[in-house]
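So for the sequence shown, this note's numbering puts the first residue at 33; every next one is plus one. All C-beta atoms in this analysis are idealised placements derived from N, C-alpha and C, irrespective of residue type, glycine included. Okay, so here's the structure we're looking at.
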Amino acid sequence: MPTFYTRLLDDPRFTRELVGHFRLFVSGSAPLLAETHVEFEARTGHRILERYGMTETNMNTSNPYDGERRAGTVGPPLPGVSLRVVDPETGALLPQGEIGMIELTGPNVCQGYWSMPDKTAEAFRSDGYFITGALGRIDDDGYVQIVGRGKDLVISGGFNIYPKEVELLLDEQPGVLESAVIGAPHADLGEGVVAVLVPRAGVTLDTEAIAAAIGDGLARFKQPRRYYVVDELPRNTMGKVQKNLLRERFADAFAR
Numbered sequence: 033m034p035t036f037y038t039r040l041l042d043d044p045r046f047t048r049e050l051v052g053h054f055r056l057f058v059s060g061s062a063p064l065l066a067e068t069h070v071e072f073e074a075r076t077g078h079r080i081l082e083r084y085g086m087t088e089t090n091m092n093t094s095n096p097y098d099g100e101r102r103a104g105t106v107g108p109p110l111p112g113v114s115l116r117v118v119d120p121e122t123g124a125l126l127p128q129g130e131i132g133m134i135e136l137t138g139p140n141v142c143q144g145y146w147s148m149p150d151k152t153a154e155a156f157r158s159d160g161y162f163i164t165g166a167l168g169r170i171d172d173d174g175y176v177q178i179v180g181r182g183k184d185l186v187i188s189g190g191f192n193i194y195p196k197e198v199e200l201l202l203d204e205q206p207g208v209l210e211s212a213v214i215g216a217p218h219a220d221l222g223e224g225v226v227a228v229l230v231p232r233a234g235v236t237l238d239t240e241a242i243a244a245a246i247g248d249g250l251a252r253f254k255q256p257r258r259y260y261v262v263d264e265l266p267r268n269t270m271g272k273v274q275k276n277l278l279r280e281r282f283a284d285a286f287a288r
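Put into structure tokens, the structure is as follows:
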């Protein structure tokens with residue numbers, strides 16, 4: 033999982049010579065930051081092979097073993113898997129490159145949830161496509177990029193904000209190890225954007241400078257209105273960030 037790679041990169045003993053006999057590094061379970069992918073290659077000479085799967089579907093997509101392993105993507109669909117991106121509300125197919133709900137079908141997908149017909153009916157479209165709950169886009173070369181979970185979408189003042197877009201900019205800032213963007217209740221906007229940052233070892237983050245740095249590259253309504261610095265992000269046993277816990281922790285970010 034990505035956490036392994038970020039922690040290895042934090043250790044100066046982790047060098048190109050140390051992993052010279054390794055053949056392949058694979059990442060899954062949670063999104064791998066493009067920055068981590070690039071930094072890992074610079075340190076070791078290896079390009080991490082990232083892929084995407086779910087308990088209900090096994091493996092769905094993968095960067096190629098022989099071919100371009102593209103940072104920030106989980107590669108194209110595996111043979112036999114049909115993947116599409118649709119409007120989460122209507123189910124209408126979206127143009128290539130637009131962000132929407134990822135749905136898929138194939139022999140890898142489960143038949144349903146055991147003894148839970150209602151949940152099964154909610155999870156599948158009438159044409160058999162499984163609704164993954166993941167938001168993403170497909171680029172012109174067929175590579176899939178995951179931008180977050182549907183439940184993590186922030187709606188502020190009627191505008192949809194995809195946390196991953198903001199997190200990518202935050203992660204590029206000097207001294208930032210990783211970030212998580214969430215929505216917190218806001219009396220005027222419905223939800224306000226909140227950024228939770230983890231600093232690199234020994235670094236004190238200047239949140240005002242970070243806010244100014246991302247200002248030019250991000251629409252105003254997408255910019256975080258509150259910044260918090262924490263030692264680490266809460267994760268489950270699979271290494272995925274538990275944004276529900278962050279939403280609980282910072283629920284009063286905009287309280288009057």
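**Asked** For Thr-164, which residues from the same chain have a beta carbon less than 6 Å from its beta carbon, with the 5 sequence-adjacent residues on both sides left out?
**Response** Ile-134
**Asked** Pick from Val-70, Ile-131, Ser-61: whose alpha carbon is nearest that of Tyr-84?
**Response** Ser-61
**Asked** Is the beta carbon of Val-117 less than 8 Å from the beta carbon of Gly-168?
**Response** yes
**Asked** According to DSSP, is Glu-71 helix, strand or coil?
**Response** helix
**Item:** Close Cβ partners of Leu-110 (< 7 Å) along its chain, the five nearest in sequence each way excluded
**Value:** Met-91, Asn-92, Thr-93, Ser-94
**Prompt:** Count the other CB atoms within 10 Å of the CB of Ile-187; is the residue buried (16 or more) or exposed (fewer)?
**Reply:** exposed
**Message:** Report the CB separation of Val-273 from Ala-212 in whole angstroms; it is logged as a contact under 8 Å.
**Reply:** 5 Å
**Prompt:** Say the cut is 7 Å; is the CB of Pro-206 nearer than that to a heavy atom of the ligand MN?
**Reply:** This structure lacks the ligand MN, and indeed carries no ligand of any kind.
**Asked** Is Pro-217 helix, strand or coil by DSSP?
**Response** strand
**Prompt:** Per DSSP, Ala-166 forms a beta bridge with which residues?
**Reply:** Arg-181
**Request:** Taking only the alpha-carbon atoms, compute the straight-line gap between Gly-52 and Leu-64 and give it to the nearest angstrom.
**Result:** 22 Å
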